[in-house]
Structures are given as C-alpha cells and as structure tokens.
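Chemist: In this note's numbering, the protein residues as written are 198 to 480. Glycine included, each C-beta is placed from N, C-alpha and C at the ideal position. Source: prediction; values computed, not measured. Sending over a structure as structure tokens; questions will come in a sec.
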Amino acid sequence: MGEYQLKVTIDQDSGFCFGVVYAIDMAEEILAEDGYLYCLGDIVHNDEEVERLKALGLRIIEHAELANLRNEKVLIRAHGEAPDTYRTALENNITLIDASCPVVLKLQNRIKTSYDANEKILIFGKHGHAEVIGLEGQTNNEALVFQDIAELDNVELPQNITLYTQTTKSMEKFYGIKDELISRGYNLKANDTICRQVSNRDKDLPKFVRQFDKIVFVSGRKSSNGKVLFEVCRKHNPNTFFISSASELDKATFSPNDTIGIAGATSTPMWLMQDVKAALEQF
C-alpha cells in the first residue's frame, strides 16, 4: 500500500457483457490455432484490449479492405453487420466468423420485419456507430437515425412511425423520446430494444457509486455504453473521474484514506480495472 492508504473496490458487475466475451473468446481460439485473424473494425471499443489482441495476431481491417480480401477468415464483432458485408464475403470466398451479439441479431430481424411491412423507421442511436450501421442496412439505409430529439424538430415525418433504439442507449432517454413523440401527436409504435444486461447496470450502478468518496470510471473513449454509464456514475456521485488506462490517473485527484470505487463499461476488460486498482493502491 502507498502512503495514501486508498481503499479500492472494483464493481464486480462491471466489465464485458456476454456478447463481447463471446466475440473475444472466438477470436482467441482462432488466434491460438492459426496465429492470425482478420477482424472487421475494432473487436471492442477499448484500445487497451484491442492492442492486447493485436499482439496475439488480430488484424483490424475496414470495409474497404474487406472488398479486396480473398480466401480468408474474418471475424464479425458483437456489433453485427449490414447485409452488404455478407454478400461481399460470399463473392470473395471469405469465411465469416460471426460473433454478432444475439441481442443485436434479434434487433436486426425485428427492424427488417418492420421495413418489409413498409413502416417508417426511426432509430435512436449514435451516427456512424457500428451497430447502427448494421441496423440501417436492414432498411436499405432508409431508416432515420437520430441521437437527440432536437434532430427531429424540423423533419417532416409521417403520422405513423416505428421507433427502435441501439441496444446500448440510455433507457431513461429512450422513454423520454417516446413520450415526446407521442406528445407531438404521432401514432408511435415504440420498441424498447435496449439490452437488459446494459440497462440493469443503469439500475445497479447508483447503489455502488454512492458507497465511495470517489469513483474512477474506466472505459474506451469510443464506447457509447461507456458514455452512458459514466453519466450514471457522475449523477449519483459527482466525484467521478473518467480514464481509459492506469497511466491517466493523477495522484492529486485523491486524498489520504479515500474510499475509491472502480466501475467500467460493457467494453471494459476486468484486467484493465485490476491494473487501475493496483496503480491506485501504490499512491
């Protein structure tokens, strides 16, 4: 223990969701057999974990590179993919290792069914997010994606609309959007498609974070879920600090004998939170 004698506890409910665990397990198994594996986009929105897997032979590629690849294995990460990706793989004799999260696949199927029924589809999600791109693909990119209700203020919508949400969005915000659209007079078919493993963390985190003097929230900066859960932590404990690795810790942030809680996103590996704990205990 360092001179500050910090008392540090990791939230055991934080860390990878089952979809990410499944994708990484698949990748590690093939890397152990073949020595390398292509992955379409970052396997998880956490730079530290991506670098760990790159050291084992994971090769991150983008869609433009997929089009030029032939006769290889390519991992589809938990975020899922649009139909075009599967067509390209078929044309190029690419073996897809499909680690799409079952929750995301179910959502893709529901959106495709709505699209085939000629419904006007709105998706509450982050523009350009991998999961959202896959969802848009089910509608031939005709769905309207928005991150904030204000984006719809000057959009002419039909009277009947169908609302879906990216699986990692805030439940509170989703239901606020639902109520607002109804109040604007639309006939709304609202589908709560938020992953319950994610939404349950929204509920469990407040109790955890209120127990400590300070909270260190560990997440990749590209993680949508990380942004949501960080705000949950900060709402219930204003002394919450966002970091992506132990190297970003600042001793001046803490005081002797502080109690510290460590929490993370569904894309944050437990080993990284343990590294942060070890670093804090050295202060």
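1. Check whether the segment 433-441 and the segment 199-219 are in contact - that is, three or more C-beta pairs closer than 8 Å.
2. Classify E328: buried if its beta carbon has 16 or more other beta carbons within 10 angstroms, exposed otherwise.
3. Considering just the uninterrupted stretch of the alpha helix (DSSP H) at F405, what are its terminal residues?
4. Using 8 Å for Cβ pairs, my map puts G322 next to T362. What's the rounded Cβ distance?
5. Identify every run of the beta strand (DSSP E) within the segment 423-464, keeping only runs that are complete inside it and at least 3 residues long; order them along the chain.
6. With burial defined as no fewer than 16 other Cβ atoms inside 10 Å of the residue's Cβ, what is the status of T292: buried or exposed?
7. How is N357 classed by DSSP in three states: helix, strand or coil?
8. Pick from K404, C430, P403: whose alpha carbon is nearest that of S416?
9. Kindly identify the DSSP beta-bridge partner or partners of V342.
10. Within a Cβ cutoff of 8 Å, which residues of the same chain sit near D472, ignoring the five residues on either side of it in sequence?
11. Which residue spans inside the segment 212-272 form an unbroken alpha helix (DSSP H) run of at least 4?
12. Can you tell which of N306, I308, L341, G331 has the C-alpha that lies nearest to the C-alpha of G238?
13. For P299, I'd like the list of residues in its chain whose CB is within less than 8 Å of its CB, leaving aside the five on either flank, ordered along the chain.
14. Helix, strand or coil for T292? Go by DSSP, reduced to three states.
15. Apart from the five residues on each side of it in sequence, which residues of its chain come closer than 6 Å, Cβ to Cβ, to L319?
16. Do the segment 381-390 and the segment 409-427 touch if we need at least three Cβ pairs shorter than 8 Å?
17. Whole angstroms is fine: what's the gap from E269's alpha carbon to T364's?
18. In whole angstroms, give me the CA-to-CA distance for C236 and L304.
19. Secondary structure at T384, three-state DSSP: helix, strand or coil?
20. Beta-carbon within less than 8 Å of M368's beta-carbon, same chain only, minus the 5 sequence neighbours each way: which residues are those?
21. Ends of the alpha helix (DSSP H) at K309?
22. Considering only the alpha carbon of each residue, which of E316, K404, A347, E339 lies closest to L385?
23. For K411, write down the residues that DSSP places opposite it in a beta bridge.
24. Classify H242: buried if its beta carbon has 16 or more other beta carbons within 10 angstroms, exposed otherwise.
25. Can you name, in chain order, every residue of its own chain whose Cβ lies under 7 Å from the Cβ of A264, other than the five neighbours on each side?
26. Relative to the C-alpha of A387, which residue among P403, M198, Y372, L253 is closest?
27. How is T365 classed by DSSP in three states: helix, strand or coil?
Modeler: According to the structure shown:
1. no
2. Locating residue 328 in the sequence shown gives position 131, where the first residue counts as 1. Flag for E328 reads buried.
3. Residue 405 sits at position 208 when you count from the first residue of the sequence shown. Run containing F405: 393-406, per the alpha helix (DSSP H) assignment.
4. Stepping through the sequence shown from its first residue, residue 322 is reached at position 125. Stepping through the sequence shown from its first residue, residue 362 is reached at position 165. Sure, about 7 Å apart at Cβ, within 8 Å.
5. 437-440, 456-461
6. Locating residue 292 in the sequence shown gives position 95, where the first residue counts as 1. By the neighbour-count rule (16 or more Cβ atoms within 10 Å), T292 is not buried but exposed.
7. As a position in the sequence shown, residue 357 is number 160, starting the count at 1. Reduced to three states, the DSSP call for N357 is strand.
8. The residue labelled residue 416 in the question sits at position 219 within the sequence shown. The shortest Cα separation from S416 among K404, C430, P403 belongs to C430.
9. The sequence position of residue 342 within the sequence shown is 145, counting from 1. Answer is I320.
10. Numbered from 1 along the sequence shown, position 275 holds the residue referred to as residue 472. Within the same chain, D472 has close Cβ partners S442, A443.
11. 215-231, 244-252, 260-263
12. Taking the first residue of the sequence shown as 1, we reach residue 238 at position 41. The shortest C-alpha separation from G238 is found at G331.
13. In the sequence shown, counting from the first residue as 1, residue 299 sits at position 102. Here the set comprises G216.
14. Within the sequence shown, the letter at position 95 stands for residue 292. DSSP places T292 in strand when its eight states are reduced to three.
15. Translated into the one-based positions of the sequence shown, residue 319 becomes position 122. Cβ neighbours of L319 beyond the five flanking positions: L341, I358, L360.
16. no
17. Numbered from its first residue, the sequence shown carries residue 269 at position 72. Numbered from its first residue, the sequence shown carries residue 364 at position 167. Cα to Cα, the separation comes out at about 30 Å.
18. Reading the sequence shown from its first residue, position 39 is the one you call residue 236. Reading the sequence shown from its first residue, position 107 is the one you call residue 304. Distance between the alpha carbons of C236 and L304: 22 Å.
19. Within the sequence shown, residue 384 is the residue found at index 187, counting from 1. The sequence given here has Asn at residue 384, not Thr. Residue state, collapsed to three classes: strand.
20. Your numbering for residue 368 matches position 171 in the sequence shown. Excluding sequence neighbours, M368 sits near D389, I391, S396, D399.
21. Counting from 1 along the sequence shown, the entry for residue 309 is found at position 112. First-last of the alpha helix (DSSP H) with K309: 299-313.
22. Along the sequence shown, read from residue 1 onward, the residue named residue 385 stands at position 188. Closest option to L385, Cα to Cα, is E316.
23. The residue you call residue 411 lines up with position 214 of the sequence shown. According to DSSP, K411 bridges with I457.
24. Within the sequence shown, numbered from 1, the residue matching residue 242 stands at position 45. Looking at its Cβ environment, which holds 16 or more other Cβ atoms inside 10 Å, H242 is buried.
25. In the sequence shown, the residue the question calls residue 264 occupies position 67. T285, listed in sequence order.
26. Within the sequence shown, residue 387 is the residue found at index 190, counting from 1. Nearest of P403, M198, Y372, L253 to A387, Cα basis: Y372.
27. Working through the sequence shown from its first residue, we reach residue 365 at position 168. Residue state, collapsed to three classes: coil.
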